[in-house]
Each structure stands twice: as C-alpha cells, then as structure tokens.
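Chemist:
Protein chains: 2
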Amino acid sequence: MAAESQRKATVSSTVEDYLKVVLKIEDMKQRASTSRVARHLEVADATVTDMLRKLKKAGLLEYKPYYGATLTREGRRMAVRILRRHRLLEMFLHQVLGYGWEQVHQEAERLEHAVSDLFISRIDALLDFPSQDPHGEAIPDARGFRQVEDDLCLAEAEPGSYSVRKVTNSDPEFLAYLDRVGLRPATRLSLQEKAPFQGPLKLLPESGREPVYLGLEACRSIFVLPRKDRPPASASAPDGPASREAGTRGSRK
Amino acid sequence: MAAESQRKATVSSTVEDYLKVVLKIEDMKQRASTSRVARHLEVADATVTDMLRKLKKAGLLEYKPYYGATLTREGRRMAVRILRRHRLLEMFLHQVLGYGWEQVHQEAERLEHAVSDLFISRIDALLDFPSQDPHGEAIPDARGFRQVEDDLCLAEAEPGSYSVRKVTNSDPEFLAYLDRVGLRPATRLSLQEKAPFQGPLKLLPESGREPVYLGLEACRSIFVLPRKDRPPASASAPDGPASREAGTRGSRK
DNA sequence: GAAATTTATTAGACTGATCTAAAAATGAGG
DNA sequence: CCTCATTTTTAGATCAGTCTAATAAATTTC
Ligand SMILES: [Mn+2]
Ligand SMILES: [Mn+2]
Ligand SMILES: [Mn+2]
Ligand SMILES: [Mn+2]
Numbered sequence: 001m002a003a004e005s006q007r008k009a010t011v012s013s014t015v016e017d018y019l020k021v022v023l024k025i026e027d028m029k030q031r032a033s034t035s036r037v038a039r040h041l042e043v044a045d046a047t048v049t050d051m052l053r054k055l056k057k058a059g060l061l062e063y064k065p066y067y068g069a070t071l072t073r074e075g076r077r078m079a080v081r082i083l084r085r086h087r088l089l090e091m092f093l094h095q096v097l098g099y100g101w102e103q104v105h106q107e108a109e110r111l112e113h114a115v116s117d118l119f120i121s122r123i124d125a126l127l128d129f130p131s132q133d134p135h136g137e138a139i140p141d142a143r144g145f146r147q148v149e150d151d152l153c154l155a156e157a158e159p160g161s162y163s164v165r166k167v168t169n170s171d172p173e174f175l176a177y178l179d180r181v182g183l184r185p186a187t188r189l190s191l192q193e194k195a196p197f198q199g200p201l202k203l204l205p206e207s208g209r210e211p212v213y214l215g216l217e218a219c220r221s222i223f224v225l226p227r228k229d230r231p232p233a234s235a236s237a238p239d240g241p242a243s244r245e246a247g248t249r250g251s252r253k
Numbered sequence: 254m255a256a257e258s259q260r261k262a263t264v265s266s267t268v269e270d271y272l273k274v275v276l277k278i279e280d281m282k283q284r285a286s287t288s289r290v291a292r293h294l295e296v297a298d299a300t301v302t303d304m305l306r307k308l309k310k311a312g313l314l315e316y317k318p319y320y321g322a323t324l325t326r327e328g329r330r331m332a333v334r335i336l337r338r339h340r341l342l343e344m345f346l347h348q349v350l351g352y353g354w355e356q357v358h359q360e361a362e363r364l365e366h367a368v369s370d371l372f373i374s375r376i377d378a379l380l381d382f383p384s385q386d387p388h389g390e391a392i393p394d395a396r397g398f399r400q401v402e403d404d405l406c407l408a409e410a411e412p413g414s415y416s417v418r419k420v421t422n423s424d425p426e427f428l429a430y431l432d433r434v435g436l437r438p439a440t441r442l443s444l445q446e447k448a449p450f451q452g453p454l455k456l457l458p459e460s461g462r463e464p465v466y467l468g469l470e471a472c473r474s475i476f477v478l479p480r481k482d483r484p485p486a487s488a489s490a491p492d493g494p495a496s497r498e499a500g501t502r503g504s505r506k
C-alpha cells in the first residue's frame with residue numbers, strides 16, 4: 001500500500017459536511033454512530049452506512065460496522081478546515097455584512113463549501129484574524145490549531161456569577177430569543193436558582209433588569225465562565241481564584 | 254395547461270449555468286444551438302440535448318430539436334438574476350476583498366449559486382449599488398432591468414480616440430496582460446492603425462507611453478466608446494492632463 | 001438467557017448530471 | 001436530386017447521493 005498521500009484530495013460538499021459532523025460528535029465526546037451522524041445530517045441511516053464505508057475507503061475515517069466512525073488524521077484535517085471556514089464566514093457575515101447572529105449559520109453552511117482559500121484568507125485579514133465566531137466558538141487557525149475550550153455548561157452550573165462564553169445552537173428562533181432577553185457571548189449574568197426536577201434556571205443577565213427563566217434543555221447549549229464572584233457576599237461559592245484560562249483573547253464586537 | 258406559475262421554482266446550480274449560457278449566446282445575437290451551448294459549458298453535446306429537453310419541460314426555455322433553445326420569460330428572469338449575482342459578486346470581490354480583475358470571475362462562478370438573496374442585497378448596498386462590474390459590464394438591477402450597452406467592438410473600430418468600455422473575456426492570463434499594458438475599463442486610448450489581413454491593432458493607451466500591438470482576435474473582446482476626438486493638436490500625443498480613472502480602486506499585490 | 005427493542009446493514013431503486021458510441025437529420029455542393 | 005460532412009439526437013452506461021423495506025446484529029429487559 002502506502003499509495004495514498006497525494007495531498008489536495010478534493011472532496012464534495014457532501015463529504016465535507018459528513019466529516020464536520022463526525023468531528024462535532026467526537027468533540028462532544030460521543031461515539032460517531034451511524035444513527036447519530038444520520039440525525040445530525042438529517043439523512044436516512046442507510047445513507048450514512050454507505051457513506052461511512054466510502055469515507056473509510058478514502059482514508060478519511062476509520063469505520064467499524066455496528067460501532068461507528070473515527071476521523072483519521074487526514075479526515076480531521078479536512079473537518080477542521082471546514083470548521084474554520086464556517087466560523088470565519090459567520091464572523092464575516094456578522095461583522096461586515098451586518099447579519100444577525102441567528103442568520104449567519106445557515107448562510108455559512110453553504111458558503112463554507114463554495115469559497116476559495118483566497119477568499120478565506122482575505123476575510124481573515126479583513127476581520128483582523130478573529131479567534132471567535134459570533135456564537136463565541138473558537139475559530140481554528142490557518143494551520144488547523146484549535147484553542148482549548150474550558151467552559152462550563154450552564155445546565156450544570158451552580159448558582160453564582162458567570163459570563164456567557166458561547167452558545168452552541170444554531171436554531172434561529174432560539175438565538176433570536178436569547179438576544180431578546182439579553183443573553184449573548186460576553187454577557188455577564190448571575191445564575192440565581194435552579195428549580196428542581198429538571199426545572200428552569202433563573203438567570204439575571206447584567207444587561208436586562210428582568211430575570212429570565214430558561215428551561216434546563218435550553219441551558220445545555222449555553223456555556224459560561226465563572227467570574228470572580230460578585231461582591232463579598234455570603235457563603236457557598238465553590239470557586240478557585242481563577243487560575244487557567246490562558247489564550248482565547250476576546251475581541252468581538 | 255396553464256399549470257406552471259408556482260413562483261420560487263428552485264433550480265440546481267447546473268441549471269443556472271445552462272440558463273446563463275443561453276442568455277449570453279442570445280445576447281451575442283447567435284442561435285443557442287446544442288453544440289454552442291456545449292462548447293460554452295464544456296460538456297458533451299449529448300448532455301446538452303438532454304438538458305435542453307428538461308429545461309423545456311420545466312418551462313424555462315423553448316427547444317426545437319435540431320435547432321436550439323430560446324429562453325422563456327421565466328428562464329430569462331432566472332438567467333438575469335444569476336448574471337446580476339455574478340457581476341455584483343465580482344465587484345464585491347474586487348472592491349472589498351481586493352481581488353484582481355483577473356481573479357474575480359472564477360470565484361463568482363461558484364458563489365453566484367451559493368449566496369442568499371440577503372447576501373446579495375447586503376453587498377449591493379455596501380458597494381453603493383454599482384452599475385458595472387470590474388470588467389465594465391453592466392450589472393442588472395434588482396428588478397432584472399438591464400442597461401442598454403451601446404459600445405463598439407474594438408476589432409471593428411476605425412482609427413481614432415476611444416475609451417475602454419468593457420472587456421468580455423474571463424481568461425486570467427489575458428486580463429493580467431491587458432492590465433500590464435494599461436488597458437482596463439475607463440482607460441482612454443487611441444487606435445492608431447489596423448494592420449491589414451487580420452493583422453494586429455496599434456493602440457496607445459493614455460496611461461502607458463508605449464504603443465501596444467494587439468491581435469485582432471484579442472480585440473474582439475474589448476469594447477470601446479468613441480470620444481470627442483482628441484484636442485485639435487497635431488499628429489501625435491493624444492493625451493489629457495490625467496483626469497480619468499474613477500471607480501475600480503486597485504489594491505492587489 | 002431468551003424475548004423484545006433498538007440500532008445497523010443489505011438489497012434494490014431512483015434522480016440528476018454526465019459520458020461514449022452509434023444512428024439519424026440537416027444542409028452544401030455538385 | 002444525390003452525396004457527404006457536420007450537427008444533433010438516441011441508446012446505453014456510470015457515478016454520487018439519496019431513499020424505503022427487509023433483514024440482521026446488538027443491547028436491554030424481564
Ligand atoms: Mn454555525
Ligand atoms: Mn455545509
Ligand atoms: Mn465574469
Ligand atoms: Mn456558475
């Protein structure tokens with residue numbers, strides 16, 4: 001063997017989307033099973049089985065029948081490349097063309113396959129090499145290097161002070177809602193209480209005065225960073241005086 | 254019949270390109286024959302025969318076997334829409350992302366199918382509703398209205414003073430060459446002589462001091478406007494104290 | 001640990017876009 | 001009007017991506 005290795009293998013936009021989904025699933029520390037991939041792409045399971053076999057043959061991922069897929073080095077490289085394009089495009093649409101954060105995803109989902117490398121490098125420079133997209137997600141750099149994301153899922157957070165790090169949901173309705181109640185990346189908020197039995201969280205975004213009650217499910221797509229807790233205050237507060245958190249310079253809006 | 258009429262018919266990018274080519278051929282006052290369409294798209298004739306039948310069935314063009322195609326109202330509407338997108342995108346790439354005029358076509362050829370109407374209207378506004386693309390071609394307006402283009406093919410022009418109106422050629426090499434010798438939209442030049450027997454034309458672009466000898470064939474893609482002939486003046490030096498050159502800010506490398 | 005449920009694969013088909021090779025129509029010239 | 005070169009269509013295939021229905025493997029439940 002050892003016959004592959006011609007760089008520049010060019011793949012269809014369909015393949016790019018499959019790879020991106022597998023990456024996303026792996027990032028969530030889940031198994032990229034046939035049905036999971038199928039759900040993300042909204043295609044039939046049988047279609048995925050087929051495609052995974054093809055992608056394995058193309059050397060882009062490992063595939064064990066009845067188990068699922070794992071990206072190879074090359075497959076991951078391609079997936080990260082598309083992820084970078086996607087997020088850079090979202091930032092471009094938001095910053096340069098004035099798209100709302102709930103509008104960017106859909107457009108980027110198509111453009112990521114259509115623009116050239118030149119286009120990407122031009123918008124990268126135009127945006128001054130941003131490190132995050134409008135949802136607060138990290139943009140891999142040109143060499144495919146990805147920032148570590150050490151944030152906390154709001155659904156698992158304890159009452160306290162936080163700031164919104166990212167929102168991993170692309171449903172326009174949902175995003176428009178968050179925007180309305182004043183929850184977007186960099187917003188500071190305090191989690192005031194969590195109702196028991198999968199109940200909603202009571203949040204106070206720094207912007208709006210009104211508290212917001214958000215269902216637990218919805219909170220799963222919001223990620224936050226703990227903040228050096230509010231003024232002296234009372235007991236509780238399981239914090240550490242903020243140690244980590246290097247990299248990730250914010251620049252957005 | 255009378256069963257069509259559901260607006261919003263969405264077509265593939267392949268279909269969009271077919272329609273655009275038929276429009277282009279019709280604009281050149283030629284018959285959109287199978288083989289001519291095939292040549293423009295670089296596909297086999299048989300492929301075109303097939304597609305033209307499909308497009309006829311879809312109501313986008315008339316198709317007479319052994320004769321060729323003619324756009325219907327609806328087909329023309331779609332074709333003009335893509336043409337608008339293409340040219341607006343070229344202008345955007347040139348003005349906003351600093352692409353050279355020889356680089357824009359290829360990228361626009363893909364993007365024209367991938368961007369949304371929102372994207373188009375945003376770049377249109379950003380560019381302040383331009384009426385021409387970087388090659389000097391008219392950009393149809395949002396309602397599909399197309400400016401009449403009353404220009405003259407340089408290949409058919411008599412010696413005299415002209416200004417370059419548009420260049421209808423998308424070969425990057427060729428465009429880069431024209432750029433180098435100082436021939437681009439809005440450039441003033443004098444056609445000094447035409448060699449007989451399909452010989453080259455001797456041109457003096459206002460910018461460069463050197464005369465340029467351009468083959469007749471090449472001149473077929475350059476269109477000019479006659480200018481109120483050079484000042485009284487003597488024989489040579491058809492200059493003007495540097496006035497021209499509005500639009501098209503150059504920035505490339 | 002067998003049955004029931006869930007998940008995955010196989011089989012068979014379809015659509016859109018393309019090709020090559022062969023057959024047929026067109027049109028120019030004699 | 002007949003012949004031949006050119007253009008076009010027809011026939012038959014392929015490839016990517018998708019589907020549904022049937023079958024089979026894996027996992028969960030009792
Ligand atoms: Mn997105
Ligand atoms: Mn996509
Ligand atoms: Mn063009
Ligand atoms: Mn195109």
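Sequences listed follow chains A and B, in order.
The first sequence runs 1 to 253 under the numbering used here.
The second sequence runs 254 to 506 under the numbering used here.
Glycine residues also receive a C-beta, built at the ideal position from the N, C-alpha and C atoms.
Kindly indicate which three-state DSSP category Q147/A falls into: helix, strand or coil?
Modeler: Along the first sequence, one-based indexing puts residue 147/A at 147. Three-state result, Q147/A: coil.
Chemist: Would you identify the three-state DSSP class for F92/A, choosing helix, strand or coil?
Modeler: Within the first sequence, the letter at position 92 stands for residue 92/A. In the structure shown, F92/A sits in a helix (DSSP, three-state: H, G or I).
Chemist: Using 8 Å for Cβ pairs, my map puts V477/B next to A410/B. What's the rounded Cβ distance?
Modeler: The sequence position of residue 477/B within the second sequence is 224, counting from 1. The sequence position of residue 410/B within the second sequence is 157, counting from 1. Their Cβ separation, rounded to whole angstroms, is 6 Å, which keeps V477/B and A410/B in contact under 8 Å.
Chemist: S266/B and H366/B - do their beta-carbons sit closer together than 7 Å?
Modeler: As a working mapping, residue 366/B is identified with position 113 in the second sequence. As a working mapping, residue 266/B is identified with position 13 in the second sequence. Yes; because the gap between Cβ atoms is below 7 Å, this pair is in contact.
Chemist: Have a look at L305/B and L314/B and give me their C-alpha separation to the nearest angstrom.
Modeler: Within the second sequence, numbered from 1, the residue matching residue 305/B stands at position 52. Within the second sequence, numbered from 1, the residue matching residue 314/B stands at position 61. Cα to Cα, the separation comes out at about 8 Å.
Chemist: So which of E402/B, L272/B and H388/B has the shortest CA-CA distance to D424/B?
Modeler: Sequence index remark: in the second sequence, residue 424/B carries index 171 (1-based). Checking every option, the nearest Cα to that of D424/B belongs to H388/B.
Chemist: For A114/A and chain B, any beta-carbon pair shorter than 7 Å?
Modeler: Translated into positions along the first sequence, residue 114/A becomes position 114. Answer yes: the Cβ-Cβ gap between A114/A and chain B drops below 7 Å somewhere.
Chemist: Going along the stretch 69-81 of chain A in order, which residues come within less than 7 Å of chain B, judged by CB to CB distance?
Modeler: Answer set for the stretch 69-81 of chain A: empty.
Chemist: For A38/A and D403/B, I'd like the C-alpha separation in whole angstroms.
Modeler: Your numbering for residue 38/A matches position 38 in the first sequence. Your numbering for residue 403/B matches position 150 in the second sequence. C-alpha separation (whole angstroms): 55 Å.
Chemist: How many Å lie between V357/B and L341/B at the Cα?
Modeler: One-based indexing of the second sequence puts residue 357/B at position 104. One-based indexing of the second sequence puts residue 341/B at position 88. Computed Cα separation, rounded: 10 Å.
Chemist: Quick one: does the C-beta of S423/B sit closer than 6 Å to a heavy atom of ligand 3?
Modeler: Here residue 423/B is taken as the residue at index 170 of the second sequence, counted from 1. Yes, Cβ of S423/B sits closer than 6 Å to a heavy atom of ligand 3.
Chemist: Is the closest heavy atom of ligand 4 to the C-beta of D386/B under 6 Å?
Modeler: Taking the first residue of the second sequence as position 1, residue 386/B is located at position 133. No, the beta carbon of D386/B sits no closer than 6 Å to any heavy atom of ligand 4.
Chemist: Closer than 6 Å to a non-hydrogen atom of ligand 1 - does that hold for the CB of H105/A?
Modeler: If you number the first sequence from 1, residue 105/A lands on position 105. It does: the Cβ of H105/A is within 6 Å (strictly closer) of some heavy atom of ligand 1.
Chemist: Counting only beta-carbon atoms, is K506/B nearer than 7 Å to chain A?
Modeler: Counted from its first residue, the second sequence places residue 506/B at position 253. For K506/B, the pLDDT reaches just 34, beneath the cut-off of 50, and the residue's location in the model is therefore unreliable, although a value from the coordinates is still provided. No, K506/B lies away from the interface with chain A (no Cβ there is under 7 Å from its Cβ).
Chemist: Under the rule that 16 or more other beta-carbon atoms within 10 Å means buried, what is V401/B, buried or exposed?
Modeler: Along the second sequence, one-based indexing puts residue 401/B at 148. V401/B should be labelled exposed.
Chemist: What are the residues in the stretch 114-144 of chain A lying within 8 Å of chain B by C-beta distance?
Modeler: Correct list: A114, V115, S116, L118, F119, R122, I123 and L126.
Chemist: CB-CB under 8 Å to A195/A, same chain, minus the five flanking residues each way: which ones, in chain order?
Modeler: Numbered from 1 along the first sequence, position 195 holds the residue referred to as residue 195/A. The residues are L201 and K202.
Chemist: Would you list, in chain order, the members of the stretch 77-106 of chain A that have their beta-carbon closer than 9 Å to a beta-carbon of chain B?
Modeler: Within the stretch 77-106 of chain A, the qualifying residues are L93, V96, L97, G98, Y99, Q103 and Q106.
Chemist: CA-CA distance, K64/A and M91/A?
Modeler: The sequence position of residue 64/A within the first sequence is 64, counting from 1. The sequence position of residue 91/A within the first sequence is 91, counting from 1. If I take the Cα positions, the gap works out to 37 Å.
Chemist: Where does F129/A sit, in a helix, a strand or coil, going by DSSP?
Modeler: What you label residue 129/A is simply residue 129 of the first sequence in a count that begins at 1. Coil, per DSSP.
Chemist: If you run the structure through DSSP and keep just helix, strand and coil, what is Q30/A?
Modeler: In the first sequence, counting from the first residue as 1, residue 30/A sits at position 30. Three-state result, Q30/A: coil.
Chemist: Along chain B, in chain order, which residues have C-beta atoms closer than 7 Å to that of R110/A?
Modeler: The residue labelled residue 110/A in the question sits at position 110 within the first sequence. Neighbours of R110/A on chain B, chain order: A367.
Chemist: On the DSSP bridge list, what partners appear for T518/B?
Modeler: Since the first residue of chain B shown is 254 and the last is 506, residue 518/B is not available in this structure.
Chemist: Counting Cβ pairs, one atom from each stretch, are 3 or more of them under 8 Å apart for the stretch 273-285 of chain B and the stretch 293-307 of chain B?
Modeler: Yes, they touch.
Chemist: When you compare only the Cα positions, how much space is there between D386/B and D50/A?
Modeler: One-based indexing of the second sequence puts residue 386/B at position 133. One-based indexing of the first sequence puts residue 50/A at position 50. For D386/B and D50/A, the distance between alpha carbons rounds to 44 Å.
Chemist: P425/B by DSSP, collapsed to three states: which one?
Modeler: Here residue 425/B refers to the residue found at position 172 when the second sequence is read from its first residue. In the structure shown, P425/B sits in a helix (DSSP, three-state: H, G or I).
Chemist: Would you kindly report the start and end of the unbroken alpha helix (DSSP H) that includes V301/B?
Modeler: Here the question's residue 301/B lines up with position 48 in the second sequence. Unbroken alpha helix (DSSP H) run through V301/B: D298 to K310.
Chemist: Could you tell me the distance, in whole angstroms, from the CA atom of K228/A to the CA atom of D17/A?
Modeler: For this step, residue 228/A is matched to residue 228 along the first sequence. For this step, residue 17/A is matched to residue 17 along the first sequence. Rounded to whole angstroms, K228/A to D17/A spans 39 Å at the Cα level.
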